[in-house]
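Asker: In the UniProt record's numbering, the protein residues as written are 1 to 389.
Note that the Cβ used here is the ideal one computed from N, Cα and C, for glycine as well.
Treat the numbers as computed from the prediction; the structure is a model and nothing was measured.
Dumping the structure here so I can ask a few things about it.
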């Protein structure tokens, strides 16, 4: 069994018995999850507050974190669920640096403590990333104890005994509990987030773990937005008489969430209303249309993924965050593939041939391009304009 090194205050224990040691940062205690790597060079606060990372430990491939600090504006999840409804842990090459940015309210380490995110620094993240690429995303327990007291065998056993994300419905926990209206639009200098006018279309967003910036990008098209819980029925949504329905991103296995969501999505599609799905919403839309989803070995996580819009030939640089994918070979005849990953050829977009219904696997609201994919929100708005006549 691994011997604890002198001075180690943090560990990452993997299900295969590997134990990585370093300096603990952020919250003390331990957290269990699937270990994945993220290739983004910026946006660590947005990444760690994305509900799609629920029950996951993030390995940042970029070695430096903390330099821009944290603030109250760059939180992506709705409400204040902390690490319970977003990433539970994070692994870094170097210790987080002190903040040096005019927008910073708090240092990164202190922010992690308040949110309950367990961190580990001083790890060879390149070697860990290579292992994940070769062997898939392992189950692991990340732990931080300032006194360096760990039961390594128990931590490995905990990781080994975890069932993982397959078959796990997490959207119901990441979702809001009651409907609410949203008006905040995108960030503009120097005002900050500017409210949308809500005069163009009325949209219901089904919250499976929605990111704030999805709502902001939608509001920027002139949409009046109502967000509803994941378990809301199609009848309840259609009773609001929206111009369109958006299916949000979220965590967990789409097939598990789809047990209650897919029948409702089918009804929404059959209603003739324009429907747009993002990430988990895209996957469950595909399930509702007759396709299948599968678990990926290491998933796609980062802000530098090239995706091709095959309907226009345009290649865009996008943000990705998913561990499941739509099986392109299972797409029925009525569905066309609209986007593909140029990394591995996996599906990144679908559309019905005869109705204003489409979904994308990537996150068009994120800003790696920085605005490469925002046209998708306008495409959705135009579908609603046309449907309304």
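Using the Cα positions of residue 370 and residue 6, report the straight-line distance between them to the nearest angstrom.
Answerer: Spanning the two alpha carbons is a distance of roughly 44 Å.
Asker: Should residue 127 be labelled buried (16 or more other beta-carbon atoms within 10 Å of its own) or exposed?
Answerer: Per the 10 Å Cβ criterion, exposed.
Asker: Does the contact criterion of 3 or more C-beta pairs under 8 Å hold for the stretch 76-94 versus the stretch 41-53?
Answerer: As far as the Cβ criterion goes, the stretch 76-94 touches the stretch 41-53, which means the pair count is three or higher.
Asker: What is the DSSP secondary structure of residue 14, reduced to helix, strand or coil?
Answerer: Strand.
Asker: May I have the straight-line CA-CA distance separating residue 224 from residue 107, to the nearest angstrom?
Answerer: Those two C-alpha atoms are separated by around 35 Å.
Asker: Which runs of the beta strand (DSSP E) spanning at least 3 residues fall entirely within the stretch 9-58, listed in chain order?
Answerer: DSSP runs (the beta strand (DSSP E)) wholly in the stretch 9-58: 10-14, 19-26 and 29-38.
Asker: How do the stretch 103-120 and the stretch 166-174 stand: do at least 3 beta-carbon pairs fall below 8 Å, yes or no?
Answerer: With the cut-off at 8 Å, the stretch 103-120 and the stretch 166-174 do not touch.
Asker: Along the beta strand (DSSP E) that carries residue 142, what are the first and last residues, could you check?
Answerer: Per DSSP, residue 142 belongs to the beta strand (DSSP E) from 139-144.
Asker: Use the C-beta contact count for residue 55: other C-beta atoms within 10 angstroms, 16 or more gives buried, fewer gives exposed.
Answerer: So residue 55 ends up on the buried side.
Asker: Taking all protein chains shown into account, decide if residue 314 is buried (16 or more other Cβ within 10 angstroms of its Cβ) or exposed.
Answerer: Exposed, because fewer than 16 other Cβ atoms sit within 10 Å of the Cβ of residue 314.
Asker: Tell me the DSSP bridge mates of residue 308?
Answerer: BP columns for residue 308 point to 315 and 340.
Asker: Between the beta-carbon of residue 316 and the beta-carbon of residue 214, is there less than 9 Å?
Answerer: Against a cut-off of 9 Å, the Cβ pair of residue 214 and residue 316 comes out as no contact.
Asker: Check whether the stretch 237-253 and the stretch 197-208 are in contact - that is, three or more C-beta pairs closer than 8 Å.
Answerer: In short, these stretches touch, since the Cβ pair count reaches three.
Asker: Which runs of the alpha helix (DSSP H) at least 4 residues long sit entirely within the stretch 218-290? Give them in chain order.
Answerer: Fully enclosed alpha helix (DSSP H) runs of 4 or longer: 234-238, 254-270 and 280-288.
Asker: Give me the Cα-Cα distance between residue 22 and residue 111, rounded to the nearest whole angstrom.
Answerer: Taking the straight line joining both Cα atoms gives about 20 Å.
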